[in-house]
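**Q** Residue numbers (my numbering): 752 to 967.
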Ligand code: ADP
Ligand code: 5GP
């Protein structure tokens, strides 16, 4: 595991006093790797870490609520928001559109929160590419930290997807196919964590985040 974040090195100026910096933590993983398990635990442990609520065109699942889990919207509304330049990033994932509104992230960071973005590899790549165009003082550029969570093996990933019991056989097959492609993006992230033993993975996850917060 690396201990330094490249983006942090670029922007620090020696004459500037070091001040607390809200993080924009981008976390990606193949479906079933344990991203939600790790992120939910982090949010439960740290009250100043909150999820960025994304927009999606997919239908709500189970007890998901609009504005809490996602901003659920029609394709027409989603496209309108793309046209208006409201998204920091957006992508088609598993056949549906997903996107992060710039206002959502900036508002949360402005309130002093660290923001956790559970987004796919395409969205993370868009954000990484867009950083260089932002002013070095922009909170998104200052706080950007990207983490990739991998499963220990494809066999274990399949076991977890089956064990979670939320997806049918066809969906699981598709997710496993997508996982191969997603894993190829892992090296683009500043930090990579293998979620084999959950306690070890969570300890690694916390070490990365506390170090990015400047608290370790
Ligand atoms: P993701 O959000 O990446 O799709 P989840 O967090 O929903 O994945 O985890 C998928 C399944 O694997 C869940 O049933 C979860 O309880 C289980 N799981 C997560 N981490 C581990 C681990 N380290 N060892 C065994 N099972 C795990
Ligand atoms: P789900 O439908 O299971 O909630 O999410 C499916 C996938 O979409 C996950 O990989 C999740 O990380 C990704 N996702 C959720 N929100 C966003 C977003 O705002 N942008 C992008 N690019 N991906 C997202």
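Note that beta-carbon positions come from the ideal geometry of N, C-alpha and C, so glycine has one too. Computed from a prediction, not measured in an experiment: that's the story for all the values here.
Rounded to a whole number of angstroms, what is the C-alpha to C-alpha distance between residue 963 and residue 867?
**A** Along the chain shown, read from residue 1 onward, the residue named residue 963 stands at position 212. Along the chain shown, read from residue 1 onward, the residue named residue 867 stands at position 116. The alpha-carbon atoms of residue 963 and residue 867 are separated by roughly 13 angstroms.
**Q** Sort 926, 898 and 821 by Cα distance to residue 846 and report the nearest one.
**A** Position 95 of the chain shown, counting from 1, holds the residue named residue 846. When each option's Cα is compared against that of residue 846, the closest is 926.
**Q** Any heavy atom of the ligand 5GP within a distance shorter than 6 angstroms of the CB on residue 869?
**A** To locate residue 869, count along the chain shown from 1; it is residue 118. Yes.
**Q** Rank 807, 826, 827 and 828 by C-alpha distance to the C-alpha of residue 818 and give the top, closest one.
**A** Numbered from 1 along the chain shown, position 67 holds the residue referred to as residue 818. Among 807, 826, 827 and 828, the Cα nearest to that of residue 818 belongs to 807.
**Q** Is any heavy atom of the ligand 5GP found at a distance shorter than 6 angstroms from the C-beta of residue 844?
**A** For this step, residue 844 is matched to residue 93 along the chain shown. Answer for residue 844: yes, Cβ within range of the ligand 5GP.
**Q** Mark residue 931 as exposed unless 16 or more other C-beta atoms lie within 10 angstroms of its C-beta, in which case mark it buried.
**A** For the purposes of this step, residue 931 is identified with residue 180 of the chain shown, where counting begins at 1. Counting Cβ neighbours within 10 Å, residue 931 comes out exposed, since fewer than 16 surround it.
**Q** Using a 10 Å radius around the Cβ and a threshold of 16 neighbouring Cβ atoms, would you call residue 861 buried or exposed?
**A** For this step, residue 861 is matched to residue 110 along the chain shown. Result: exposed.
**Q** Taking residue 953 and residue 792 to be in contact with their CB atoms under 8 angstroms, please state how far apart those CB atoms are, rounded to whole angstroms.
**A** Looking up residue 953 in the chain shown gives position 202. Looking up residue 792 in the chain shown gives position 41. Yes, residue 953 and residue 792 are in contact; Cβ-Cβ is about 6 angstroms, under 8 angstroms.
**Q** Does the beta carbon of residue 896 come closer than 7 angstroms to any beta carbon on chain C?
**A** The chain labelled as chain C is not found in the depicted structure, where only one protein chain is given.
**Q** For residue 850, tell me which candidate among 858, 841 and 856 has the shortest Cα-Cα distance.
**A** In the chain shown, the residue the question calls residue 850 occupies position 99. Here the closest residue by C-alpha is 841.
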